[in-house]
Structure formats: structure tokens, C-alpha cells
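Structure first, then comments.
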Amino acid sequence: MQALTSRARQVDRKPMTFIEKIYLWNILKGMVITFKHIWKRKETVRYPEQKRPFSPVFRGLHILNRDAEGRENCTACGLCAVACPAEAITMEAAERKPGEEHLYREEKYAARYEINMLRCIFCGFCEEACPKDAIYLTETFAPANYNREGFIYGKQDLLIPAPGEKKKA
Amino acid sequence: MAEEKKLFKVKIDNISVEVEPGTTILNAARRIGGDIVPPAMCYYSKLQGSGGKCRTCLVKVTKGSEADPRPMPKLVASCRTTVMDGMEVANITSPEVQEARKGVVEFLLLNHPLDCPVCDQAGECHLQDLSYEHGAETTRYEFKRRTFDRIDIGDKIQLHMTRCILCYRCVFTADQLTEKREHGVLGRGEVAEIGTYIHQSLDNNFIGNVIDVCPVGALTDKTFRFKNRVWFLKAVDAHRQCEDPKCCGKTVLWMRGDEVFRVTARKDKYGEVEDWICDTCRFDKKDVKDWVIEGPRNIDRHSVISQGHYVGVHKPKDTLVEVLDGRQPKLLLDIHTVSEVNRPDIDLSQIDGPAHSDDFNKK
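Chains as they are written, first to last, in full-length UniProt numbering: chain A, 1 to 169; chain B, 1 to 363.
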């Protein structure tokens, strides 16, 4: 049968000699490779203590932005949800009542806003679609979780803390 | 001797059509159809006397008629100009018209707030379509846009005067459909506005049609206000036996699941209603049981409303249950246990006006 590649070689099935049986030469050869790597630059980092810098265009966990006065930017226009190829974003809008002007920037706001991180593919289309600078993808990962329930991110998980508000632990 | 009606031969963008005398250029173009139909913001074929206000339908008449072949000196509003025999009209073939239309769009957008993310009309707004197709990316206007407070005209209609382009369609609708007109255009020129003079509610069984005729989001349905975006709703044709003899009862229901969020009249491809509906159908029948559903509404493929409408999709057979000897697959996560959106116990469509924070917080 014709070989498929030129690198195919017949396997040597001869019984090993005594020198080969004590493996000393092969161990030495292996140790040389091992010690050579001590002096080489390491490719890995000690992850939880050390972290690699993210690229500035990295698309990670979403946040919902506030304006300079701490009011929510999102007006629930639905453009992120319509742009989302994974259909991960859902929302429900409400009208701002008098007295809520310090909370929401415009007369309409997202009363509920949810991203299903199990569905999200982190493409960043929502960020591109947003006309209000409300949604951003940050340079962090969505943390791992044991349960599916933990991946439904509501507004309390996504909104950045308002100025003066204590950051959530 | 049967008198044969003489038909006028018109050429619009080098396409010939024969129309009756007295037809406007716009309607002649609509007889041909397709891309050559000039856009219209104020003209409404069902309303007498409409047209001539917005100037988006400007066309160039390159040959006046057979008898007088001189071109018309200026661009003319095609909704108001009747055809002559042998007339030749240039619409999309004339760069002058395209340029003029760009200017008209810029004028229409001068005072428009461009609050499309908030506006309920977004997605089915004629001004949005027009500015996408014909408008420039930026405005050269440097002054403050005029602003108004929003006004409740009755408890079902919301007027956002900032968005109004003064097309007069709603005024004609009220004039011709209802017994008594209660609103009109106040002021002239820069200060013109739609109003009821003294804050009066428009109370008439057909006044809801002003919502449908409004080409922008100036007049919107308050029962639908902020409930959902039109492109997340599924439009279905439906009808019911309406008690009002003037109402045709043929509507479009905008649904999500089994909830009816909004009821509108059926609109044709030019965005004009096929027949008027009464306010009882429009505002009070928000239950599927009130309606006989005919089937999904055919929506233009290029419209954002058609997003997520998977037409003609064949759902493959799920063989899992067969393989598992009739056992249903184990549900790993019922979304309603975690999700706060679309809670089964809150029917947004049943709330009268827009939802507020307390509607969501109630247990």
C-alpha cells in the first residue's frame, strides 16, 4: 500500500538490548530537555494572584452605564436586544414618574434589563447598537458558577454603582 | 354612443402609464409602483385635501405636455400637480430632485428631537425611513430646537408636539371622520403647533385614527406607551364584529405570546390605512378572545418589524422523547424562577397607560 505521507516509517519491533532496557540514556535525554526549560521564559502565569493585561478591545462582562450625575443611561430602546444574534437580552420599559428624575436620564427607562450569560456570545453588537452609551463590555470575564441560575444577570448585577453608593462586595 | 374616456399618457422615469385626467403625478407613479414612487409625508389618499405641505414628493417635470413641451421651471409637488397628456416626469432619475429631497428632509428634521430610542413610533416611522433613504448624516442647524411639553389629548392619545412635522393629516382625519373637530393647528410659521386651544380632551369614537395617520411619533397610543418596541411584537391580522357601523372591524393585533399589546388599522405599502377603525376596537379590546385571528400579517422584509419573524421555517421533529421511551427531557432551568422579565403574573398589556416603577415592584 502506498504511504499517505513521506514521513511514514515502519515501526521497529526488534527486542530491546540491555543498554536500551535500563533506559539511562533516554532518561538523561529527557532531563536535558527538562533543565533547558528552567532557563526559558515561562508562558504561564499564576492566575488568581497574577493576571494578564487585557487587550483594550477585549469584550467581557457587560455593564450598564450611568451619566455624570449618576442617572441611568439606558432608555430601553431595544436596539441591543434586536442586534443580539444570540437573543440573550430582554428588557421591560417603564415611564419615569415625577420625582424619579435623579434616577433615570430620560422619560423612559428600563425597569427590567436582563442578559442571559449562558446565551451571550460576547460579540459586542449590543455595545455597537446602543445609541445612549448605556451598555459596555468590560475587560473582565463573567465569573464561573455552579448553577445555571447564576448566569441570568439582572439590572442589579449590570449597573455600575452610582456615585456615593457603596460598591457591592 | 358610449363615450370613451380619454386617458392621458404620462412617462415617469421613462416608464409609461396611462391614467385618467385629473390624476396627480404621485398617484400615477403609484399606479406603476416600485422605486419610482415619490415618498409622501403629508399626502394621504384617504383624506380629502391632504398633501402639499411637506414637499418630500417633489419631482421634476421635464416635459409639460404634448401641447406645450416646455419643462416646468421649478420642481413641483407631485401630490398636488395633476398630469397632462404626454407629460414626462423625472423622479429618481433626476439628481436635482434627489438633492432637493435631501434639503427637504433636513428642513423636516430641523426641529425634530430625534428621540427615536424613546419614541414608540420608531421602527414604523415614515420620517425615520425617509431620512435613512434621502437624508444627510448631519444637520447644519445650530440653534436650539423648539421644545414643548407633552400633552395628553384625552386619556388614550399622547401628543408630543416636539416630534410633529405639521403635516395636517390628523386635522383632516378629525375633520372628515368625526362629527366635530376639536383640534387644529394654532399659530403660524415657526410657532405653529397642533393643539386643542384649551386643553380639551379629544372625545370621539374615531379620533384614535389620528394615531395611525401620524407619519411621525407625535400622536401615539397611550395604552401602548413604552410597553414594548414594535419589532418585538408579532403582527397578526384579525377582525371582530364591531357594533359601530362606520368601523370595519378589520385590524392588526400586535401580540406577544397571548397578550394583545396594541391594535391598529391595517396599513398598505404606502403606510396608509386600508379602512378606519373605531376607538372601541383600538383601545378597549385588548383580549385575544375578542378577536378572530386570520393569520400573520405580511410585513415588508426590509422593515425592522420583520426581525425574528421566521417565515416558512420547518421545525425538525424532536426525536428525544421517542428515544427516551416517552420520558420528557429534564428541565434544567425554568427561566421564570430567576428572570424578572416577562413575569407571568404581570400582564403589561392589561395596564392602562405606560408602566411605572410601582407596577413592577408589586408582588
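Where is the CB? At the ideal position from N, CA and C, for every residue including glycine.
Quantities reported herein were computed from a predicted structural model and do not represent experimental measurements.
Give a yes or no on whether the minimum CB-CB distance between residue i and chain B is below 8 Å.
| i | result |
| --- | --- |
| E92(A) | yes |
| C123(A) | no |
| C77(A) | yes |
| E114(A) | yes |
| P131(A) | yes |
| R148(A) | yes |
| I152(A) | yes |
| V82(A) | yes |
Within the 8 Å Cβ cut-off, does residue i reach chain A?
| i | result |
| --- | --- |
| F283(B) | no |
| N342(B) | yes |
| R146(B) | no |
| W254(B) | no |
| F224(B) | no |
| Q128(B) | no |
| H356(B) | yes |
| V210(B) | no |
| D338(B) | Per the sequence shown, residue 338(B) should be read as Val rather than Asp. Yes, V338(B) counts as interfacial toward chain A. |
| D203(B) | no |
| L348(B) | yes |
| D85(B) | no |
Residue range of the alpha helix (DSSP H) that residue i falls in?
| i | result |
| --- | --- |
| Y132(B) | 126-134 |
| A142(A) | No alpha helix (DSSP H) contains A142(A), which DSSP labels as neither H nor E. |
| residue 367(B) | For residue 367(B) there is no data in the structure shown, the boundaries of chain B being 1 and 363. |
| D358(B) | 357-361 |
| L324(B) | Premise fails: L324(B) is in no alpha helix (DSSP H) and is neither H nor E. |
| D175(B) | 169-177 |
Check whether the Cβ atoms of residue i and residue j lie closer than 8 Å to each other.
| i | j | result |
| --- | --- | --- |
| I165(B) | M41(B) | yes |
| K269(B) | Q350(B) | no |
| E95(A) | P113(B) | no |
| V59(B) | S78(B) | yes |
| I121(A) | H62(A) | no |
| D275(B) | C248(B) | yes |
| K156(B) | D221(B) | yes |
| V118(B) | E106(A) | yes |
| I89(A) | C126(A) | yes |
| W254(B) | V82(A) | no |
| Y109(A) | A76(A) | yes |
| V97(B) | L75(B) | yes |
| V61(B) | V89(B) | yes |
Please report the distance separating the alpha-carbon of residue i from that of residue j.
| i | j | result |
| --- | --- | --- |
| E101(A) | C242(B) | 42 Å |
| residue 364(B) | I346(B) | Beyond the ends of chain B as shown, which are 1 and 363, falls residue 364(B); an answer cannot be given. |
| G22(B) | C125(B) | 30 Å |
| D359(B) | E92(A) | 11 Å |
| F172(B) | K250(B) | 22 Å |
| A122(B) | C116(B) | 6 Å |
| M25(A) | V32(A) | The residue asked about is misnamed: residue 25(A) is Trp in this sequence, not Met. The alpha-carbon atoms of W25(A) and V32(A) are separated by roughly 11 Å. |
| Y168(B) | D175(B) | 11 Å |
| residue 367(B) | I92(B) | Only positions 1 to 363 of chain B appear in this structure, which leaves residue 367(B) out of reach. |
| V216(B) | T264(B) | 15 Å |
| P329(B) | K317(B) | 15 Å |
| V37(B) | Y146(A) | 59 Å |
| V10(B) | L233(B) | 42 Å |
| L348(B) | F224(B) | 9 Å |
| K144(B) | L127(B) | 20 Å |
| R52(A) | T138(A) | 15 Å |
| T24(B) | R30(B) | 10 Å |
| I32(B) | G86(B) | 16 Å |
| K29(A) | K36(A) | 11 Å |
Keeping to the same chain, check which residues put their C-beta closer than 6 Å to that of residue i; ignore five residues upstream and five downstream.
| i | result |
| --- | --- |
| P296(B) | V236 |
| Y142(A) | Looking at the sequence itself, residue 142(A) is Ala, so the reference to Tyr does not match. Excluding sequence neighbours, A142(A) sits near L61, M117. |
| L110(B) | Y141 |
| N204(B) | T178 |
| G154(A) | E114 |
What residue range does the beta strand (DSSP E) around residue i cover?
| i | result |
| --- | --- |
| N116(A) | 108-116 |
| A93(A) | 89-95 |
| K234(B) | 234-239 |
| I194(B) | 193-195 |
| F8(B) | 8-12 |
| W254(B) | 250-256 |
| D12(A) | Per DSSP, D12(A) belongs to no beta strand (DSSP E) and is neither H nor E. |
| A265(B) | 259-265 |
| I346(B) | No beta strand (DSSP E) contains I346(B), which DSSP labels as neither H nor E. |
Please indicate yes or no: does the CB of residue i lie closer than 7 Å to some heavy atom of the ligand ZN?
| i | result |
| --- | --- |
| Y270(B) | By its list of ligands, the structure shown contains no ligand whatsoever, and the ligand ZN lies outside what it can speak to. |
Near residue i, which residues of its chain fall below 7 Å by C-beta distance, leaving aside the five closest residues on each side in sequence?
| i | result |
| --- | --- |
| K5(B) | E20 |
| M1(B) | Residue placement at M1(B) cannot be trusted, given a pLDDT of 45 that sits under 50; the coordinates are not used to answer. |
| Q26(B) | The sequence given here has Leu at residue 26(B), not Gln. So the list reads P38, A40, Y43, C57, S78, C79, once near-sequence residues are dropped. |
Taking 8 Å as the limit between beta carbons, can you name the residues of its chain near residue i, skipping five residues before and five after?
| i | result |
| --- | --- |
| G208(B) | K156, I157, D221, I277, C278, D279, R282, F283 |
| P85(A) | I121, C123, F125 |
Name, going along the chain, the residues of the stretch 152-180 of chain B whose beta-carbon falls closer than 9 Å to a beta-carbon of chain D. The displayed structure is made up of protein chains A and B, and chain D is not among them.
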